[in-house]
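Novice:
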Amino acid sequence: MALSEDGQLISQIRQGNTLALKALYEKYKVQVYRTALAITCNREAAEDILQDCFLKVYTHADKLDSSLPLSPWLHRVAVNLSYNWLNRNRRWLQPLEEVIDQLIMPHRTSPEAAFEMRELQQVVQDAIASLPFAHRVVVVLFYLNGFSLNEIAYILDCPVGTVKSRLHYARQSLSRKLERARQLSPEIAYEFA
Amino acid sequence: MSLHRTRFTQLKPEDQPLDTIDEWMRWALMNEVAGELPSPRVWQNIQAKIAAHSEATPRPSRARGLWRNLASLLQTYAVGFLAPLEVSLDSRLAPKERSYLLWRESSLLCLMPMIVDGYLLKTAFPH
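These protein sequences, in sequence, are chains A and B.
Residue 246 in this note's numbering is what sits at position 160 of the first sequence, and the numbering runs on without skipping anything.
Residue 71 in this note's numbering is what sits at position 51 of the second sequence, and the numbering runs on without skipping anything.
This is the structure in structure tokens:
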């Protein structure tokens, strides 16, 4: 069976070819970086994670299955590294009260539509950021990266049913948080049906 | 579950309504990281680390590693065989002492096959 483009590059990396690694890096850097950024909410951490991901590709090239797509494996490494980083820097969870304060305070002085849009975006982002790690990762992989449930199950090394339930609870939790934000700030006039 | 908006309907991104919580999440996440790119420094760091890694742990070729192990084996054999000979030729030793040393060196010699096996296994399965 002919190897995929990634598989061929991995074979070349095994022989110490850094140009092949550079080609893989160029192909996946944005995707991996943005995933790490969405999970950690920290640019420096996301860059470190991206760097370590590709160092692992180089050092573990012998163990990589070149017949499989590389993207899920890369994301698996990125998620694990993000988890380690978050464990070392437990400051990513913003209490909901802070989110609501941010929401209420500047709103009264900003009538412009563009600002309101950014504000609303911030509310949703903060609500996502306040999810527990396991739920947040599933949300990021599903909504941002568009991975299937099976791929997410591989990345997180858990059953597909667990992925489904985490996604369900994440949706529920976000709905509750957004609803609560709406109640505390009547200017944000959206509601769930 | 639908998320109906009254006020933000006119602010919808790209003039498309965001009716579900799924759409809201996708939109918010996409916006959060949109335009974010890693700095070129990341690749430079990767290159530097790979270079440092290669210098720190030069990978010996498999053949070279095997020859080195074989040379080491021969050396061990030579020492193992010469030791009893040396003991038996040493006239300064008392007979009792000589027989004890001979017994000890011979026992060590008996262990040689195990040492050989260890070397060969290590060479065949380095990890």
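Beta carbons are placed, not taken as given, at the ideal position from N, Cα and C, and that holds for glycine.
1) Name the two residues that bound the continuous alpha helix (DSSP H) containing Y229/A.
2) Applying a beta-carbon distance threshold of less than 9 angstroms, which residues of chain A neighbour A88/B?
3) Report the three-state DSSP secondary structure of Q101/A (helix, strand or coil).
4) Have a look at K108/A, Y229/A and F228/A and flag the residue whose alpha-carbon is nearest the alpha-carbon of Q64/B.
5) Assuming D92/A contacts L156/A under a Cβ cut-off of 8 angstroms, what Cβ separation, rounded to an integer in Å, is found between them?
6) Between the region 37-65 of chain B and chain A, which residues of the former have CB atoms less than 8 angstroms from a CB of the latter, in chain order?
7) Using a Cβ-Cβ cut-off of less than 7 angstroms, list which residues of the region 121-137 of chain A approach chain B; keep chain order.
8) Less than 8 angstroms between the C-beta atoms of T126/A and V226/A, yes or no?
9) Return helix, strand or coil for L160/A, following the three-state DSSP convention.
10) Counting only beta-carbon separations shorter than 8 angstroms, does S251/A have a partner in chain B?
11) Would you say Q211/A reaches chain B, if we count a Cβ-Cβ gap shorter than 8 angstroms as a contact?
12) Given a limit of 7 angstroms on CB to CB distance, which residues of the region 233-261 of chain A reach chain B?
13) I believe V53/B touches L123/A by the beta-carbon criterion, under 8 angstroms. Please report the beta-carbon distance rounded to the nearest angstrom.
14) Check whether the Cβ atoms of I66/B and Q137/A sit closer than 8 angstroms, and answer yes or no.
15) Which residues of chain E have a Cβ atom closer than 7 angstroms to the Cβ of V226/A, listed in chain order?
16) Between N51/B, D42/B, P133/B and K142/B, which has its C-alpha nearest T96/B's C-alpha?
17) Cα separation between I186/A and R252/A?
18) Report the three-state DSSP secondary structure of A54/B (helix, strand or coil).
19) Below 8 angstroms between beta carbons: does that hold for V118/A and L57/B?
20) What in chain B is Cβ-close to K263/A, meaning under 8 angstroms?
21) For A124/A, which three-state DSSP category applies?
22) Going by alpha carbons, who is nearest to N154/A out of R204/A, A106/A and Q94/A?
23) Of all the CB atoms in chain B, is at least one closer than 8 angstroms to the CB of F140/A?
24) Pick helix, strand or coil for A114/B, following the three-state DSSP scheme.
25) Between L230/A and chain B, is any beta-carbon pair separated by less than 8 angstroms?
26) Within 8 angstroms (strictly less), CB to CB, does I135/B reach chain A?
27) If you count every other CB in all the chains shown that lies within 10 Å of the CB of E75/B, and 16 or more means buried, which is it?
28) If we count Cβ pairs, one from each stretch, closer than 8 angstroms, do we get three or more for the region 232-243 of chain A versus the region 137-150 of chain A?
Specialist: Inspection of the coordinates gives the following:
1) Where Y229/A is concerned, there is no enclosing alpha helix (DSSP H), given that its DSSP letter is neither H nor E.
2) Correcting the residue type first, residue 88/B is Arg in the shown sequence and not Ala. Residues of chain A passing the Cβ test: none, with the nearest at roughly 21 angstroms.
3) Q101/A: coil per DSSP, three-state reduction.
4) Distances from the alpha-carbon of Q64/B to those of K108/A, Y229/A and F228/A put K108/A closest.
5) Yes, D92/A and L156/A are in contact; Cβ-Cβ is about 4 angstroms, under 8 angstroms.
6) Contacts with chain A (Cβ-Cβ distance below 8 angstroms) from the region 37-65 of chain B involve I41, D42, W44, M45, R46, W47, A48, L49, M50, N51, E52, V53, E56, L57, P58, S59, R61, V62, W63 and N65, listed in chain order.
7) Under the 7 angstroms Cβ criterion, the region 121-137 of chain A contributes L123, A124, E133, L136 and Q137.
8) With respect to the 8 angstroms criterion, T126/A and V226/A are not classified as neighbours on the basis of their beta carbons.
9) Here L160/A carries a helix assignment [DSSP, helix/strand/coil].
10) Chain B, which has no Cβ nearer than 8 angstroms to the Cβ of S251/A, makes this no.
11) True, the Cβ-Cβ gap to chain B drops below 8 angstroms.
12) Across the region 233-261 of chain A, CB contacts with chain B closer than 7 angstroms involve R257, L260 and S261, in sequence order along the chain.
13) Taking 8 angstroms as the upper bound for CB-CB distance, V53/B and L123/A are in contact here, some 5 angstroms apart.
14) Yes, they are a contact pair.
15) Within the model displayed, chain E is absent; protein chains A and B are what it includes.
16) The residue with the shortest Cα to Cα distance from T96/B is P133/B.
17) Caution is warranted here: a pLDDT of 47 is assigned to I186/A, below 50, making its placement in the model unreliable, and no coordinate value can be reported.
18) Looking at A54/B - three-state DSSP - the assignment turns out to be coil, as it is neither helix nor strand.
19) No, they are not a contact pair.
20) The CB of K263/A never comes closer than 8 angstroms to any CB in chain B; the least such distance is about 11 angstroms.
21) In the structure shown, A124/A falls within a helical segment according to DSSP collapsed to helix, strand and coil.
22) One point to set straight first is that residue 154/A is Leu, not Asn, in the sequence displayed. Among R204/A, A106/A and Q94/A, the Cα nearest to that of L154/A is on Q94/A.
23) Yes - at least one Cβ of chain B is within 8 angstroms of the one on F140/A.
24) Coil.
25) So yes, L230/A belongs to the interface.
26) Not an interface residue.
27) Taking all protein chains shown into account, E75/B has fewer than 16 neighbouring C-beta atoms within 10 Å of its C-beta and is therefore exposed.
28) Pairwise C-beta distances place the region 232-243 of chain A out of contact with the region 137-150 of chain A, as fewer than three of them are shorter than 8 angstroms.
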